[in-house]
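Q:
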Amino acid sequence: MLQVRSVSARALGAMVRGMGESSFEDLLPWLMQTLTSETSSVDRSGAAQGLSEVVGGLGVEKLHKLMPGIGLQYVALQKYLQPSYDNYN
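Quick note: the sequence shown uses our numbering, first residue 287, plus one each step.
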């Protein structure tokens, strides 16, 4: 499963890099929304990996523009991170 997610995320990044952001207008908002959705942790992990590859494909300038929003997503994710962390202790 992890390898499928990794390959899929890299494919998303390659498509955005090759075709441009305008061809995928709804992709970034969907990935950002999925990061904090009430869906499974598998979906959130996939969205995080996909987002990293897509942003990597868009370049550093786009990353700087998205960072404030990604920071807000991180704050929203705290409710999921703490229980997961507690399970490892």
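C-beta atoms are modelled at their ideal positions from N, C-alpha and C, and glycine is treated no differently. A quick note: this is a predicted structure, and the numbers were derived from the prediction, not measured.
#1: Find the nearest neighbour of proline 354 within the set Met318, Val293, Gly336, judged by alpha-carbon distance.
#2: What residues in its chain sit with their C-beta under 6 Å from that of tyrosine 371, if we drop five residues either side in the sequence?
#3: I'd like to know whether the C-beta atoms of glutamine 335 and serine 292 end up nearer to each other than 8 Å.
#4: Could you spell out the range, first to last residue, of the alpha helix (DSSP H) harbouring aspartate 312?
#5: Please list, in chain order, all residues of the same chain as tyrosine 374 whose beta carbon is under 8 Å from its beta carbon, the five residues on each side excluded.
A: On the basis of the coordinates in this document:
#1: Locating residue 354 in the sequence shown gives position 68, where the first residue counts as 1. The shortest C-alpha separation from proline 354 is found at Met318.
#2: As a working note, residue 371 is residue 85 in the sequence shown. Low local confidence applies: a pLDDT of 43 at tyrosine 371 is under 50, so the model's placement there is unreliable, with the coordinate-based value given in what follows. The same chain holds no residue with a CB closer than 6 Å to that of tyrosine 371 once the five nearest residues on each side in sequence are set aside.
#3: Start at 1 with the first residue of the sequence shown, and residue 335 comes out as number 49. Start at 1 with the first residue of the sequence shown, and residue 292 comes out as number 6. Yes, the pair counts as a contact, with Cβ atoms nearer than the cut-off.
#4: The residue given as residue 312 occupies position 26 in the sequence shown. Where aspartate 312 is concerned, there is no enclosing alpha helix (DSSP H), given that its DSSP letter is neither H nor E.
#5: Within the sequence shown, numbered from 1, the residue matching residue 374 stands at position 88. For tyrosine 374, the pLDDT reaches just 47, beneath the cut-off of 50, and the residue's location in the model is therefore unreliable, leaving the point undetermined.
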